[in-house]
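Colleague:
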């Protein structure tokens with residue numbers, strides 16, 4: 004299998020990963036596994052149930068968010 | 382509970398809603414929230430700290446959504462599109478939770494609401510099934526537009542967010558209360574307990590505050606004070622205050638039966 008490098012932007016930071024990589028894999032590599040985060044990919048929500056089946060593509064822009072204290 | 386705050390068909394015994402920001406640490410956040418008696422708490426949605434220490438507690442663990450009704454907000458959003466995206470993320474994060482606080486800000490200096498963008502976001506969110514409690518100006522016409530858009534509560538500012546300036550325009554708040562049928566909550570501006578009581582005496586259905594508690598010298602004690610103030614203000618409203626009169630033509634004590642006037646002992 005050819006491993007290709009993919010470049011994605013995660014929370015504003017440009018990052019490179021070995022592909023193929025799905026959202027669940029990304030969360031694992033970022034030490035977010037098991038943590039309650041919500042994921043938006045290119046402006047669209049990726050439901051938790053689809054983390055394992057949503058493959059990242061070169062140039063994807065991801066937002067990973069949590070709940071924090073706020074008013 | 383006989384006198385409940387009913388929002389989007391859900392009943393709450395407490396009419397005090399509190400934010401969870403600006404506290405020293407999670408322990409203080411939790412202690413203040415508990416002391417306030419609040420059942421609805423606002424939270425912000427922010428990018429996760431990549432590489433955060435594993436095992437570090439999260440707000441969701443400190444104040445579990447099974448105990449508190451979360452009200453994710455859109456603080457920091459300056460247009461409708463960002464606010465809608467933020468709340469879609471909140472709904473995903475909170476397992477389909479649909480009760481949200483919409484706020485679209487006008488500028489970072491005043492944090493005054495941008496009403497055209499707020500209305501646009503409200504319409505979109507309602508279309509997507511969200512139950513929208515909306516931070517807004519104290520303009521009765523705008524409030525009615527938000528109600529017509531399907532918002533479940535309107536939340537006018539009493540003064541600027543975080544200012545602690547209190548209820549600056551009770552007349553406008555009164556107009557909003559008179560004009561809309563959905564619950565009206567004062568959101569922003571409360572500085573101390575009397576401000577909360579005034580809002581409730583006017584007939585507001587609830588008060589939402591964060592800084593007034595978090596920035597007090599003793600936040601937990603202020604949270605207790607706010608709980609009492611909201612309850613006292615609500616009861617005073619329900620009791621119906623006496624009319625204001627320039628002069629009291631009716632003394633509180635009987636006018637009959639006073640002792641005989643003293644004899645003047647003029648020499």
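Residue numbers (this note's numbering), protein chains in the order written: chain A, 4 to 74; chain B, 382 to 648.
Idealized CB from N, CA, C, for every residue including glycine.
Counting only beta-carbon atoms, is residue 453/B nearer than 8 Å to chain A?
Modeller: yes
Colleague: According to DSSP, which residues form a beta bridge with residue 512/B?
Modeller: 480/B
Colleague: If we ignore side chains and look at the alpha-carbon of each, how far apart do residue 550/B and residue 516/B end up?
Modeller: 16 Å
Colleague: Please name the residue in 552/B, 505/B, 537/B, 541/B whose C-alpha comes closest to that of residue 530/B.
Modeller: 505/B
Colleague: For residue 47/A, does the count of other Cβ atoms within 10 angstroms reach 16, so buried, or fall short, so exposed?
Modeller: Note on residue 47/A: under 16 other CB atoms within 10 angstroms of its CB, so exposed under the neighbour-count rule.
Colleague: Checking contacts by CB at 8 Å: is residue 628/B closer than that to chain A?
Modeller: no
Colleague: With contact counted as at least three CB pairs below 8 Å, one residue from each stretch, are the segment 624-634 of chain B and the segment 583-597 of chain B in contact?
Modeller: no
Colleague: If residue 66/A and residue 598/B are in contact, beta carbons under 8 Å, what's the gap, nearest whole angstrom?
Modeller: Residue 66/A to residue 598/B, Cβ: 37 Å. No contact.
Colleague: Based on Cα-Cα distance, which residue from 635/B, 584/B, 640/B lies nearest to residue 615/B?
Modeller: 584/B
Colleague: Please determine, among 577/B, 385/B, 442/B, the residue with the shortest C-alpha to C-alpha distance to residue 609/B.
Modeller: Checking every option, the nearest Cα to that of residue 609/B belongs to 577/B.
Colleague: Between residue 637/B and chain A, is there a C-beta pair that is closer than 8 Å?
Modeller: no
Colleague: Between residue 491/B and chain A, is any beta-carbon pair separated by less than 8 Å?
Modeller: no
Colleague: Taking Cβ-Cβ distances shorter than 7 Å, what residues in chain A pair up with residue 426/B?
Modeller: 68, 70
Colleague: Can you grab the Cα-Cα spacing for the pair residue 60/A / residue 54/A, in whole Å?
Modeller: 14 Å
Colleague: Quick check on DSSP: helix, strand or coil for residue 499/B?
Modeller: helix
Colleague: Measure from the C-beta of residue 55/A to each C-beta in chain B and report whether the shortest distance is under 8 Å.
Modeller: no
Colleague: So residue 495/B and residue 485/B are supposed to be a Cβ contact under 8 Å. How far apart are they, rounded?
Modeller: Indeed they touch by this definition, with Cβ atoms about 5 Å apart.
Colleague: Kindly indicate which three-state DSSP category residue 596/B falls into: helix, strand or coil?
Modeller: Of the three classes helix, strand and coil, the one that applies to residue 596/B here is coil, per DSSP.
Colleague: Does residue 26/A have its Cβ less than 8 Å from a Cβ in chain B?
Modeller: no
Colleague: Can you tell me whether residue 591/B is helix, strand or coil according to DSSP?
Modeller: coil
Colleague: Less than 8 Å separating the beta-carbons of residue 527/B and residue 502/B?
Modeller: no
Colleague: If you drop the 5 nearest sequence neighbours on each side, which residues of the same chain put their C-beta closer than 8 Å to that of residue 562/B?
Modeller: 528
Colleague: Round the Cβ separation of residue 533/B and residue 508/B to the nearest angstrom and send it over; I've been treating them as touching at under 8 Å.
Modeller: About 14 Å; that fails the 8 Å criterion.
Colleague: Enumerated in chain order, which unbroken segments of the alpha helix (DSSP H) with a length of 4 residues or greater are wholly contained in the segment 544-615 of chain B?
Modeller: 551-560, 574-583, 592-595
Colleague: Thinking just about the alpha-carbon of each residue, which of 519/B, 543/B, 586/B is nearest to the one in residue 557/B?
Modeller: 519/B
Colleague: In terms of residues, what are the limits of the beta strand (DSSP E) holding residue 10/A?
Modeller: 8-13
Colleague: Give me the chain B residues within the contact set of residue 9/A, using Cβ-Cβ distance strictly less than 7 Å, ordered along the chain.
Modeller: What residue 9/A touches in chain B: nothing, since even the nearest Cβ is about 17 Å away.
Colleague: Using the beta-carbon of each residue, which ones in chain B are nearer than 7 Å to residue 17/A?
Modeller: Simply none; closest approach about 13 Å.
Colleague: In this structure, how does DSSP classify residue 65/A when only helix, strand and coil are distinguished?
Modeller: strand
Colleague: Looking at the structure shown, is residue 30/A part of a helix, part of a strand, or coil, going by DSSP?
Modeller: helix
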